[in-house]
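The structure appears right after this line, and notes come after that.
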Amino acid sequence: MSPVARRPRLVAGNWKMHKTGVEGATLAHELAALLGARPQCTVVVCPPFVALDSVRGALRGSAIALGAQNLHPEPRGAFTGEISGPMLAAAGCRYVIVGHSERRHGMGEDDALVARKLRAARRDGLTPIVCVGETLSERDQGLTADVLVRQIRGAYEGLSPAEAQETVVAYEPVWAIGTGRVATPEQARDAHRIIRATLDRVVAPGAGAKMCILYGGSVNADSAPGLFADPEIDGALVGGASLEAAAFFRVVAAAAAAIAPV
Ligand code: PEP
1220 MSPVARRPRL
1230 VAGNWKMHKT
1240 GVEGATLAHE
1250 LAALLGARPQ
1260 CTVVVCPPFV
1270 ALDSVRGALR
1280 GSAIALGAQN
1290 LHPEPRGAFT
1300 GEISGPMLAA
1310 AGCRYVIVGH
1320 SERRHGMGED
1330 DALVARKLRA
1340 ARRDGLTPIV
1350 CVGETLSERD
1360 QGLTADVLVR
1370 QIRGAYEGLS
1380 PAEAQETVVA
1390 YEPVWAIGTG
1400 RVATPEQARD
1410 AHRIIRATLD
1420 RVVAPGAGAK
1430 MCILYGGSVN
1440 ADSAPGLFAD
1450 PEIDGALVGG
1460 ASLEAAAFFR
1470 VVAAAAAAIA
1480 PV
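Written out as structure tokens, the structure reads:
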């Protein structure tokens, strides 16, 4: 398949609650060796908080960026067990995942909290990767578009086009996360189009076309080429397949293979 002109690519690995500092450093070393000094797309790894420092050390000199999996909206204060944006920036993070479905559905994060976290990330110089997506029951009830519009509106209302463009959206259907059930490229494309159209309405006309929108949900080396062949899909947020260097490298390679000069 010939490469197509498109927005810059980004592939991010969400390690979730996996890898100690030592294990994370090993994985980061392996990945850096495989990717070389100049991977053809932006590559981010998001280890657990306690592994950030050792992974940062292991990534030194590589082009792989460091991200975190969550942040508290306040910069400091009496919030036991929480981590703030300034702490993440000081730990070397450039990205932070916001509104992952495991936090929306497992920890009760609502749209208002996700909006605060998005703004906190920007305030603290971090690029938020804002996750949205419907559950299986919402999809079965024909509510996918309603959910995506509500979540995008909740997160982006009030942002300027320039502010929005400095964020990344990840479309992550909840039924595809960690299940081995990948959305088809058509399902992902339809969702990405809804997200772009919503950004056009909520932020400004034309805003959606400029945004980097990732697909996430059981992406692996087999499914990645088909997804990345679609010009609506600008990269991936990868969970399980990011825990092994060779597997993650093959996803990154698939993303890079579809790139052509715009
Ligand atoms: C994720 O954690 O965001 C994710 C997409 O996980 P997985 O790739 O394992 O489905």
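Heads up, the sequence shown is in the working numbering, so the first residue is 1220 and it goes up one at a time.
All residues carry an ideal CB built from backbone N, CA and C; glycine is no exception.
All figures in this text were calculated on a predicted structure; none of them were measured in a lab.
So what's residue i in DSSP terms, helix, strand or just coil?
i, result
"P1505", "Outside the shown range of the chain, which is 1220 to 1481, sits residue 1505, and nothing can be said about it."
"A1315", "The amino acid occupying residue 1315 in the given sequence is Val; Ala does not appear at that position. V1315: strand per DSSP, three-state reduction."
"A1252", "helix"
"H1237", "coil"
"P1227", "coil"
"S1303", "strand"
"H1291", "strand"
"L1337", "helix"
"A1455", "strand"
"I1414", "helix"
"A1284", "strand"
"P1404", "helix"
Determine the closest residue to residue i out of the options, with distance taken between C-alpha atoms.
i, options, result
"Y1314", "A1284, A1331, A1297, R1342", "A1284"
"A1374", "I1396, G1397, I1348", "I1348"
"G1232", "L1253, V1262, G1255, A1256", "V1262"
"V1175", "M1306, A1389, I1371", "One cannot answer for residue 1175 here, as it falls past the ends of the chain, which runs 1220 to 1481."
"D1330", "K1235, A1410, E1293, C1350", "C1350"
Hey, would you say the C-beta of residue i is under 8 angstroms away from at least one heavy atom of the ligand PEP?
i, result
"S1461", "yes"
"G1373", "no"
"K1235", "yes"
"C1431", "no"
"P1319", "What sits at residue 1319 in the sequence shown is His, not Pro. Yes - the ligand PEP has a heavy atom lying nearer than 8 angstroms to the Cβ of H1319."
"A1395", "yes"
"T1398", "yes"
"G1377", "no"
"A1484", "This structure leaves residue 1484 out entirely; the chain is present only between 1220 and 1481."
For residue i, I'd like the list of residues in its chain whose CB is within less than 6 angstroms of its CB, leaving aside the five on either flank, ordered along the chain.
i, result
"L1250", "A1464"
"R1415", "G1427"
Who are the near neighbours of residue i in its chain, counting only those whose CB is closer than 7 angstroms to its CB and skipping five residues on each side?
i, result
"A1270", "K1238, T1239, G1240, G1243"
For residue i, collect the residues of the same chain with a Cβ closer than 8 angstroms to its Cβ; drop the 5 residues on either side in sequence, then sort them by chain order.
i, result
"A1475", "R1228, P1258, Q1259, C1260"
"R1408", "D1449, E1451, I1452"
"I1413", "T1363, A1364, L1367, V1368"
The stretch 1358-1368 contacting the stretch 1327-1344, beta-carbon criterion three pairs below 8 angstroms | no
Take every Cβ of the stretch 1394-1409, pair it with every Cβ of the stretch 1463-1478, and state whether three or more of those distances are shorter than 8 angstroms.
-> no
Does the stretch 1376-1385 come close enough to the stretch 1312-1326 to have 3 or more Cβ pairs within less than 8 angstroms?
-> no
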